[in-house]
Every structure is written in C-alpha cells, then in structure tokens.
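Heads up: the structure comes next, in structure tokens.
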Amino acid sequence: MSSISTNQALPQAPAIFPTLPPIHWTERYFRLLWGSLGIVGCLLLWQIGSSLRIWDPLFVSSPLEVLRAAFIVVPSKEFMGHVSTTVQCLLIGLFIALFVGVFAGLPIGWFPRLNATFEPVIAAVYGIPYIAFLPVIIMWTGIGMTSRVIIVFWSAVFPLTINSIQGARAVDENYLRVGRSFSATNFQMFFTITLPSAVPYILAGLRTSIGRAIVGVVVAEFFMSSKGLGYFINLKANALDMAPAFVAIVLLALFGIGLVSLATYIENRYCNW
Amino acid sequence: MQSKISARDVTIIYRGKLDREPVLACHGIDFDVQERSFVSIVGPSGCGKTTLLYAVDGLLPVNGGEILVNNRRVNGPGTDRAMVFQSASLLPWTTVWSNIIYGLKLKGDFQEEKTAAIESLVDLVGLRGFERRYPSELSGGMQQRANLARALAVDPDILLLDEPFASVDAQTREKLQVELTEIWARTHKTMLFVTHDIAEAVFLSDRVVVLTARPARVREIVEIAIPRSRSLETKHSSLVQDYVRQIWSLIETSN
Numbered sequence: 001m002s003s004i005s006t007n008q009a010l011p012q013a014p015a016i017f018p019t020l021p022p023i024h025w026t027e028r029y030f031r032l033l034w035g036s037l038g039i040v041g042c043l044l045l046w047q048i049g050s051s052l053r054i055w056d057p058l059f060v061s062s063p064l065e066v067l068r069a070a071f072i073v074v075p076s077k078e079f080m081g082h083v084s085t086t087v088q089c090l091l092i093g094l095f096i097a098l099f100v101g102v103f104a105g106l107p108i109g110w111f112p113r114l115n116a117t118f119e120p121v122i123a124a125v126y127g128i129p130y131i132a133f134l135p136v137i138i139m140w141t142g143i144g145m146t147s148r149v150i151i152v153f154w155s156a157v158f159p160l161t162i163n164s165i166q167g168a169r170a171v172d173e174n175y176l177r178v179g180r181s182f183s184a185t186n187f188q189m190f191f192t193i194t195l196p197s198a199v200p201y202i203l204a205g206l207r208t209s210i211g212r213a214i215v216g217v218v219v220a221e222f223f224m225s226s227k228g229l230g231y232f233i234n235l236k237a238n239a240l241d242m243a244p245a246f247v248a249i250v251l252l253a254l255f256g257i258g259l260v261s262l263a264t265y266i267e268n269r270y271c272n273w
Numbered sequence: 274m275q276s277k278i279s280a281r282d283v284t285i286i287y288r289g290k291l292d293r294e295p296v297l298a299c300h301g302i303d304f305d306v307q308e309r310s311f312v313s314i315v316g317p318s319g320c321g322k323t324t325l326l327y328a329v330d331g332l333l334p335v336n337g338g339e340i341l342v343n344n345r346r347v348n349g350p351g352t353d354r355a356m357v358f359q360s361a362s363l364l365p366w367t368t369v370w371s372n373i374i375y376g377l378k379l380k381g382d383f384q385e386e387k388t389a390a391i392e393s394l395v396d397l398v399g400l401r402g403f404e405r406r407y408p409s410e411l412s413g414g415m416q417q418r419a420n421l422a423r424a425l426a427v428d429p430d431i432l433l434l435d436e437p438f439a440s441v442d443a444q445t446r447e448k449l450q451v452e453l454t455e456i457w458a459r460t461h462k463t464m465l466f467v468t469h470d471i472a473e474a475v476f477l478s479d480r481v482v483v484l485t486a487r488p489a490r491v492r493e494i495v496e497i498a499i500p501r502s503r504s505l506e507t508k509h510s511s512l513v514q515d516y517v518r519q520i521w522s523l524i525e526t527s528n
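Here the protein sequences come in this chain order: A and B. Reminder that position 272 of the first sequence reads as 272 in the numbering used here, one-by-one numbering, no gaps. Reminder that position 235 of the second sequence reads as 508 in the numbering used here, one-by-one numbering, no gaps.
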C-alpha cells in the first residue's frame, strides 16, 4: 500500500533556466528601420521621376540636384545671411511667445473669473487665420524685422497660451492643499506647485508652436522682407532655379525637427515623472 | 493634562468649485484632543471627517463655533500642525528628498546643518536609500512613509493624518500601523487621525470620536482602555474586536 509521504524529497528544480529567445535587431529597431525606408523610398521615387522625365526636372529638380546645389549654396556668405535672418526672427518670436503665453496663460487658468472672462476672447481670436492680419501689421509697423517678429509671435502664442491655461487649470487639488497646509505664500504656490505642474502642458504647446512659427516666419518673409529663407525660396523659384529653393525648404524641415527634438529632450530630461 | 486641540460647537459649510452648491458638512461638533494623545475620527464614508480635519489644519474656514489649537483660535494653516495626506499628494516632479524638505524650504528653514536631522528622519520612517527616487518609482506604502516624513520634517506639535493608509495593501497597512504607534511613542506628537477603518482606529488610538452621517455630529467618544505598547497580536485580540463591534453599532444606529 502506498502512503503519502510528507518528507519525500521534492523533485530537483532545474539548475538552469530555459534560455529566453533573443530579440532580433530588425524587431528591436523596426520603427527606425521602416521610417528610414519610407524617407529613402520617397527620395528614390523623386529621383527616378526626374531622371526618367516623368515630370519636368526644371520645375521639381531632383534629390541629386538638390544635394549638388546644397554644396554650392550652403557655404556661401549670402545664404548664411538668409539663414541667420530667419533663425533670429524665429527664435525671438518664439521666445516672446513662450514668455507671454506662459505668464498670461497661467494666471488666466488659475483665477476662475479671469478664465471665464478671457477664454471666449482667446478662442475667438485663435480662430482667425493670422495671415489675415498681415496687411494690418504692415500698416502698423511697416516692412522689417519688427513686423516679421510680430507674425512669428502671433502664429506661436496661441497654442502656448491655451496649453498654459489648461496646465494651470489641471493642477491637482491635492498638491495645492499640500502647499497651503505648509503655509506657502502665493508666490511660493506659483513657483513650487502651479508652474512645475504645468510644465508638461507648456512643452506640448511649445511643440505645436514651433511648427506654426516656422510657417509664420516663411510667410512673413514672402511678403515683407528682402532677406531670409522665405525671401530666398520666393526669389529662386521665380527664377526657375529650383534646386537652391529646395535646399532652403529642406533646411526649414531640419529646423523644425531640431527644435521639436529639443523640446522633446527637455521634456524627457526634466519631466520624466 | 492639557488640551491641545478643542473643537467647540463647530459647523462647517463646504463649498467646492465657485459654481457648486454649498453643503452642510459638519454641525455642532465638540471634542478635545489631549497633549501627546492619539485620537481617531471615524464615521460613515462621506460624512465630513476629512472636512473636519482640514478645518483643524486651517485649510477650510469654520462657519460656526471655533477650533482652538494650543488655546488659540485657528485662522489658517500654521507651523504647529502638519498634515499627512491621503495617497498621491507627494509632488511628482521632484525627488523623495525634496518632497521631505518641502515644508522646511517654504519656511526658508533648510540649512546644511539640518541635513543630519532629516537623514535620521528618513531612517525613522524607513526610507533610507530611496531619497533620490521619484514618487512614481515608490510603492504605495513607501509613498506614505515619505508623506509622513514630510509632515514630521517641520517638527510640528500636532500631526493630522487623513486616511494615510487607505490605499495601501492590507499587509503593508498593518505594518505601517505598528510603525506609526512606535513613531508616535518616540516623537511625543499629538495625533489626530481620520480613517474609515474602525479596527485601525481602535488599535492606534486613546480615544475614538464617532461621527454620524452627514451633516456630521459627534455620536459618541469612545475611550480605548487597551494598555500601550500594542502589537499586531493586540490588533487581532478580542479586546480590539469588542471595541470594533461597539463602534460599528454606534455608526449603524447613528441615523
């Protein structure tokens, strides 16, 4: 007769764990891989189309032409002048928009009565395409750096303001109570609770604003400048000199990617909670 | 013994957002908390016990009667009191260490020589090695240890605790309850503790204030005559269970 023995030795646990299947690099980096493939594929189609004269290379140039033009155009002092004009205008406009957006938006989000007063106004003005103000701004400030900065500012300030408002409204009541319980002054409440809590919202607004500001700077330079990448694109395209125009366009795309990556970097570095 | 906190005929009308209807949260509440004693407030959920605790901290105004702390009328938050909030009240954008010294920083009272004192506090609540972590990297129990340390850091006379262990798992909760009695014994603070867990209230307290459903009134104040240096065995003893049953029936017959 068999009986159940309680002190029988347990079956020996395997000393070696089964090896986990390795992850292939094509799976680990599949986004990067397919993303690069997409970009390369588009460039290839563009090149083939131009080489086979499916479309007229006079009007659309080709990636190789653009690359060749880049080596000539980019190092030239004239082109660098255009780049620096655009970058200055872009950064000044964005910076003012960031400052105004945050320090107007946070109080508007914070005080319920201010919020009730200004939110409809902001929504209404945000709805107007800022290009509509172009002739008005020219009348105000003429054609020059000031008017272009105003356009960039105008194009960028709304996403920042609206996100700052949301950020201040979304501050968790729990954190505010902590500040009040420790007798924080209004000043301390703002800088230790409201502002840090709103930073992720502000950075999300900044990312939207960067794209809009780049559009703004180019539009402004089309109409009211004799300098800058917008002016340069207009000039070259009108002369049917497409390759340098595309060089400037690619550069604008790189600005956008660069600035958005910077915002994302700041977010990951300082808002990883 | 001296009375550290006194509520005299306290009425609180709670107003949420600007456009919400006011609610009568507490009505005609009287109780006292003796110096260095541990008092819990229990009552049906939503009855206004947290509101009452906020009023003692000065976060909410009293609409009738008065609350005295150290024989002075409460007009707002003060450094003689500190609050241990429910979960999710640590500032998530900064480290555990910065959270713990938050109150001191606000007072402009954090100098280098305070570091040692805070470090021993970190040891007291069992957070050594977690100082540079972010709150989201901590378990619920560890977060509440940090929450406790933040309140203790400003060295208040009175600690107000708002269901600090409500969202902690059952095993950790029992452990934290025992640790809290030890911290209470070592730091000589006066503690006012809000909970809906009656066994927790009985185990921790010298007295339990039983409130009715909203608007909250004092149903009864129960003296817990269980000798101190209580352990987990005490908590599961019939002595505690008898008190729990008594308080349960008080709450059930409160309407």
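All C-beta atoms in this analysis are idealised placements derived from N, C-alpha and C, irrespective of residue type, glycine included.
With DSSP run on the structure shown, which of helix, strand or coil describes I23(A)? Along the first sequence, one-based indexing puts residue 23(A) at 23. Of the three classes helix, strand and coil, the one that applies to I23(A) here is coil, per DSSP.
Please classify F311(B) as buried or exposed, where buried requires at least 16 other C-beta atoms within 10 Å of its C-beta. To locate residue 311(B), count along the second sequence from 1; it is residue 38. Classification for F311(B): buried.
Straight-line gap, I233(A) to S51(A) (C-alpha atoms, nearest Å): Stepping through the first sequence from its first residue, residue 233(A) is reached at position 233. Stepping through the first sequence from its first residue, residue 51(A) is reached at position 51. Cα-Cα distance, rounded: 23 Å.
Check the DSSP bridge columns for Y29(A) and list the partner residues they point to. The residue you call residue 29(A) lines up with position 29 of the first sequence. Y29(A) pairs with nothing; no bridge assigned.
Helix, strand or coil: how does DSSP classify S3(A) here? Residue 3(A) sits at position 3 when you count from the first residue of the first sequence. Only weak support is given to the placement of S3(A): the predicted model assigns it a pLDDT of 47, under 50, and the question is left unresolved by the model.
The stretch 158–176 of chain A: positions lying closer than 9 Å to chain B by Cβ: D172, N174 and Y175
Kindly list the residues whose CB is nearer than 6 Å to the CB of M1(A), restricted to its own chain and excluding five residues on each side of it in sequence; keep chain order. For this step, residue 1(A) is matched to residue 1 along the first sequence. Below a pLDDT of 50, predicted positions are generally treated as unreliable, and M1(A), at 44, falls in that range; the measurement from the model is reported next regardless. The answer is none, since no qualifying residue turns up.
Nearest CA to the CA of L333(B): which residue from R480(B), V315(B), Y375(B) and T284(B)? The residue you call residue 333(B) lines up with position 60 of the second sequence. Among R480(B), V315(B), Y375(B) and T284(B), the Cα nearest to that of L333(B) is on T284(B).
Check the C-beta distance from T468(B) over to S318(B) and give it rounded, since I have them as a contact under 8 Å. Translated into the one-based positions of the second sequence, residue 468(B) becomes position 195. Translated into the one-based positions of the second sequence, residue 318(B) becomes position 45. No, T468(B) and S318(B) are not in contact; Cβ-Cβ is about 11 Å, not under 8 Å.
Along the chain, where does the beta strand (DSSP E) that runs through Y130(A) open and close? Against the first sequence, residue 130(A) aligns to sequence position 130. Careful: Y130(A) lies outside any beta strand (DSSP E) and carries neither H nor E.
Measuring alpha carbon to alpha carbon, tell me which of Q47(A), P129(A), W154(A) and I143(A) ends up nearest G99(A). Residue 99(A) sits at position 99 when you count from the first residue of the first sequence. Position check: residue 99(A) holds Phe in this sequence, whereas Gly was assumed. Cα-wise, what sits closest to F99(A) is W154(A).
Partners in chain B for R180(A), counting only beta-carbon separations shorter than 7 Å: Position 180 of the first sequence holds residue 180(A). The answer, in chain order, is L332 and P350.
For I96(A), the first and last residue of its enclosing alpha helix (DSSP H): For the purposes of this step, residue 96(A) is identified with residue 96 of the first sequence, where counting begins at 1. I96(A) -> alpha helix (DSSP H) spans K77 to W110.
DSSP state of M224(A), grouped into three classes? Reading the first sequence from its first residue, position 224 is the one you call residue 224(A). In this structure, M224(A) counts as coil in the three-state DSSP scheme.
Among L37(A), A15(A) and I137(A), which residue has its Cα nearest to the Cα of V292(A)? Since the first and last residues shown for chain A are 1 and 273, residue 292(A) lies out of range.
Count the C-beta pairs between the stretch 258–266 of chain A and the stretch 274–282 of chain B that are closer than 8 Å, then say yes if the count reaches three, no if not. no
Beta-carbon within less than 8 Å of S3(A)'s beta-carbon, same chain only, minus the 5 sequence neighbours each way: which residues are those? Working through the first sequence from its first residue, we reach residue 3(A) at position 3. Residue placement at S3(A) is flagged as unreliable, the pLDDT there being 47, under the threshold of 50; a coordinate-derived value is accordingly withheld.
Nearest to M145(A) by alpha carbon, out of S226(A), R113(A), R169(A) and F158(A)? As a working mapping, residue 145(A) is identified with position 145 in the first sequence. Comparing Cα-Cα distances from M145(A) to each of S226(A), R113(A), R169(A) and F158(A), the minimum goes to S226(A).
Buried or exposed: G167(A), going by 16 or more other Cβ atoms within 10 Å of its Cβ? For the purposes of this step, residue 167(A) is taken as the residue at position 167 of the first sequence. Buried, because 16 or more other Cβ atoms sit within 10 Å of the Cβ of G167(A).
Could you round the C-beta distance between L364(B) and L465(B) to whole angstroms and report it? I think they count as a contact, below 8 Å. The residue given as residue 364(B) occupies position 91 in the second sequence. The residue given as residue 465(B) occupies position 192 in the second sequence. About 24 Å separates the two Cβ atoms, so there is no contact after all.
How should P437(B) be labelled, buried or exposed, when 16 other C-beta atoms within 10 angstroms of its C-beta is the threshold for buried? The sequence position of residue 437(B) within the second sequence is 164, counting from 1. Per the 10 Å Cβ criterion, buried.
Using a Cβ-Cβ cut-off of less than 7 Å, list which residues of the stretch 107–133 of chain A approach chain B; keep chain order. P112
Find out if the Cβ-Cβ distance for the pair L90(A), L160(A) is shorter than 8 Å. Indexing the first sequence from 1 puts residue 90(A) at position 90. Indexing the first sequence from 1 puts residue 160(A) at position 160. Contact: no.
Per DSSP, G337(B) forms a beta bridge with which residues? As a working note, residue 337(B) is residue 64 in the second sequence. BP columns for G337(B) point to T284(B).
Opposing strand residues paired with C299(B) [DSSP bridges]: One-based indexing of the second sequence puts residue 299(B) at position 26. I285(B) and A489(B), per the DSSP bridge assignment.
Compute the distance between the beta-carbons of A424(B) and P408(B), then report whether it is under 8 Å. As a first step, residue 424(B) must be located in the second sequence, where it is residue number 151. As a first step, residue 408(B) must be located in the second sequence, where it is residue number 135. The answer is no: Cβ separation not under 8 Å.
Would you call the stretch 387–403 of chain B in contact with the stretch 288–308 of chain B, where contact means no fewer than 3 C-beta pairs closer than 8 Å? no
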